[in-house]
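Colleague: Have a look at the structure that comes next, please.
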Amino acid sequence: MDTTAMVESVEPVGSDTYALRFRAPEGFAAEPGQFVKLGTEIDGESVARFYTLSSPRVGETFEVTVGIDPDEGGEFSAFLSGAEAGTEMTLSGPFGDQHYDGEPRAVVIAGGPGVGPAVAIAERALDEDAEAAVVYRDDDVAHADRIDALRERGAAVRLLDGDAPLTDAVADVLTGADGGTVFVYGFADLVADAEAAIEAAGGDADAAKVENFG
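If you read the sequence shown in this note's numbering, its first letter stands for residue 65, the second for the next number, and so on.
The following block contains the structure:
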């Protein structure tokens, strides 16, 4: 759908990382792991970017997690850095089929802003009495409170530094993962490392649901 969405709140959730919560337009529905296109008009030109949902479900609101660097990120990052309750943006989507779809066990490998869909998918899986595991690689942990809550609910969580190999952590969470699905969300280097780690652990990287952020 193509419509307009209004920001309800902006919350810092990590270093230069923010959770933007929007009022869901009438008829908008999406699953954790799908993405939307958000846009605005700057100096008479339309500017838009894609962001993956970080809310486990869509109700009256939905959330995306974004890295905002107004000095390095360009015009749209500068616009987002000034967003507040009441800011309106154009909204298109949702897009993508690499999302949670009721799998009995969800193993999510993520880096950078991929932590948003990672925690959303794990929360949704636990809500539906499924199992969840998260391997998250980044020097600065975002959504630390949600990650701690996932641990308390029984999810297997592995946090790694930004240059750490994924192999051992992925092998740990894939052990006994029959019937589960692996999800991967992150930039190209994380995706390549994740696929190699899945294969090294005896999994099938081709069967993983992968969203490459570029």
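A virtual CB, placed ideally from N, CA and C, is assigned to each residue, including glycine.
In this text, all values refer to a predicted model and were calculated from it rather than measured experimentally.
#1: Which residues does DSSP pair with E152 in a beta bridge?
#2: Which residue's Cα is closest to the Cα of D270: G278, V255, F277?
#3: Name the residue from R87, V199, A69 whose alpha carbon lies nearest to the alpha carbon of T231.
#4: Do the CB positions of P89 and L155 come within less than 8 Å of each other?
#5: Could you check the C-alpha separation between Q98 and G150 for me, to the nearest Å?
#6: In whole angstroms, what separates the C-alpha of E148 from that of E127?
#7: Could you name each continuous alpha helix (DSSP H) segment of 4 residues or more that falls completely within the stretch 139-214, going from the start of the chain to the end?
#8: Determine, using beta-carbon pairs with one atom in the stretch 191-207 and one in the stretch 165-183, whether at least three such pairs fall under 8 Å.
#9: In chain order, what residues of the same chain lie with their CB nearer than 8 Å to the CB of L190, ignoring the 5 residues before and after it?
#10: Since R113 sits in a beta bridge, which residues does DSSP pair it with?
#11: Since E275 and T116 should fall inside the 8 Å C-beta cutoff, what is the C-beta to C-beta distance between them, to a whole number of angstroms?
#12: In terms of residues, what are the limits of the beta strand (DSSP E) holding T129?
Modeller: Concretely, from the data shown:
#1: Bridge partners of E152: M70.
#2: In terms of Cα proximity to D270, the closest of G278, V255, F277 is V255.
#3: Closest by alpha carbon: V199.
#4: The criterion of a C-beta distance shorter than 8 Å is satisfied by P89 and L155.
#5: Their backbone Cα atoms lie some 24 Å apart in a straight line.
#6: So the alpha carbons of these two residues sit roughly 14 Å apart.
#7: Entirely contained in the stretch 139-214, the alpha helix (DSSP H) runs reaching 4 residues are, in chain order, 139-145, 179-191.
#8: Look at the beta carbons and you see the stretch 191-207 touching the stretch 165-183: at least three pairs across the two are nearer than 8 Å.
#9: So the list reads A196, L214, R217, G218, A219, once near-sequence residues are dropped.
#10: Partner(s): L102.
#11: Confirmed, Cβ separation roughly 7 Å.
#12: Boundaries of the beta strand (DSSP E) around T129: 125-131.
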